[in-house]
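Since the structure comes first, as structure tokens, the remarks are kept for the end.
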Amino acid sequence: MTRPKGASKVLCERFFNQARHLLRALTAVSILAVSACDTPSGLPLRESFQPEAGRVDVTNSYEVGSGDKLRMTVFNETPLSGEFVIASDGSLALPLIGSVDAAGLTPRELEKRIAEHFRDGYLRDPRISIEVLNYRPFYIYGEVQKGGEYPYAVSMSVLTAVALAGGYTYRADTRRVVITRNGEKVGVPTSENLQILPGDIVEIPERFF
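Residue numbers (UniProt numbering): 1 to 209.
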């Protein structure tokens with residue numbers, strides 16, 4: 001039995017449409033698979049991360065937190081000046097005024113907050129200066145020789161952090177790094193300009209052979 005020419009044409013068009021949709025679906029799946037393999041731990045890959053754009057001005061933009069050691073100078077009030085460490089709850093215990101919430105503030109913001117406390121019945125015109133003496137440590141683990149907690153230094157790069165940890169293992173993916181900062185975990189390309197910040201958790205992923 002011979003099919004009408006019109007019916008054959010409809011069947012052919014239907015077949016090619018189905019094949020086209022299937023090809024598009026397979027292409028999309030392939031792209032997702034390649035992207036996941038190219039990124040450590042399947043995380044979204046960013047071509048840039050905040051520290052990579054240039055030198056981070058930690059002294060002004062840095063937000064203090066638990067473990068930071070500060071020097072407070074109260075001008076013309078030597079007994080009130082001194083060195084203090086931010087507690088685990090983010091507070092700073094200071095003479096005369098007691099506990100002050102410090103975590104999450106820049107040094108300049110903290111100066112203003114402390115001045116407000118002193119102005120409230122203690123000093124008429126307090127002038128406060130805050131300097132960060134020791135930043136809270138950073139953490140590095142994964143494919144490095146000696147993972148763990150290390151002291152932070154201003155303008156520290158990922159490569160410097162790796163060197164402190166004894167260098168890469170032979171399994172390390174030296175092209176990528178995973179950084180956890182303020183609760184956000186992001187995979188980024190490794191570069192000489194990629195800086196870390198105090199409290200960062202740095203993970204060196206394993207490469208796929």
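Yeah, the Cβ is synthetic: ideal placement off N, Cα and C, and Gly gets one too.
Residue span of the beta strand (DSSP E) that contains residue i, given as start and end
i    : result
V158 : Per DSSP, V158 belongs to no beta strand (DSSP E); it is in the alpha helix (DSSP H), 158-164.
V144 : Segment: none, V144 is in no beta strand (DSSP E) and carries neither H nor E.
I204 : 201-204
P79  : Where P79 is concerned, there is no enclosing beta strand (DSSP E), given that its DSSP letter is neither H nor E.
A102 : Note, A102: premise wrong, no beta strand (DSSP E); not H, not E.
A93  : 91-94
V188 : 184-189
V178 : 176-181
T73  : 69-74
Unbroken alpha helix (DSSP H) run spanning residue i, endpoints
i    : result
I130 : First-last for I130: 128-134, but that is the beta strand (DSSP E), not the alpha helix (DSSP H).
A115 : 107-119
Contacts around residue i, its chain only, beta-carbon distance under 8 Å, and the 5 residues preceding and following it disregarded
i    : result
G90  : G65, S66, D101, A102, A103, G104
P95  : P79, L80, G82
M156 : F138, Q195, I196
Buried/exposed call for residue i, threshold 16 Cβ in 10 Å
i    : result
C37  : Below a pLDDT of 50, predicted positions are generally treated as unreliable, and C37, at 44, falls in that range; the measurement from the model is reported next regardless. Exposed, since its Cβ has fewer than 16 Cβ neighbours within 10 Å.
Q195 : buried
L92  : buried
Inter-residue CB distance, residue i and residue j (contact presumed, cutoff 8 Å)
i    : j    : result
V178 : P205 : 6 Å
F135 : D200 : Before going further, note that residue 135 is Tyr rather than Phe in the sequence given. Between D200 and Y135 the Cβ distance is about 11 Å, and since that is not below 8 Å, they are no contact.
Y168 : T160 : Their Cβ separation, rounded to whole angstroms, is 13 Å, which puts Y168 and T160 out of contact at 8 Å.
F118 : I97  : 6 Å
Residues of its chain near residue i, where Cβ-Cβ distance is below 7 Å and the 5 sequence neighbours each way are ignored
i    : result
R171 : E143, E206, R207
V130 : For the sequence presented, residue 130 should be read as Ile rather than Val. The residues are L70, M72, P107, L110, E111.
V158 : V177, T190, L194, I196, V202
K146 : A165, G166
E149 : P137, Y139
S88  : S66
Own chain residues within Cβ distance below 6 Å of residue i, not counting five before or after
i    : result
A115 : P126, I128
N76  : none
Any C-beta of chain B under 9 Å from that of residue i
i    : result
Y141 : Of the chains in the structure shown, none is chain B; there is only one protein chain.
(message) Counting beta carbon pairs with one atom in the stretch 63-72 and one in the stretch 98-117, are three or more of them shorter than 8 Å?
(response) yes
(message) Quick check: the stretch 181-197 against the stretch 118-129, are at least 3 beta-carbon pairs closer than 8 Å?
(response) no
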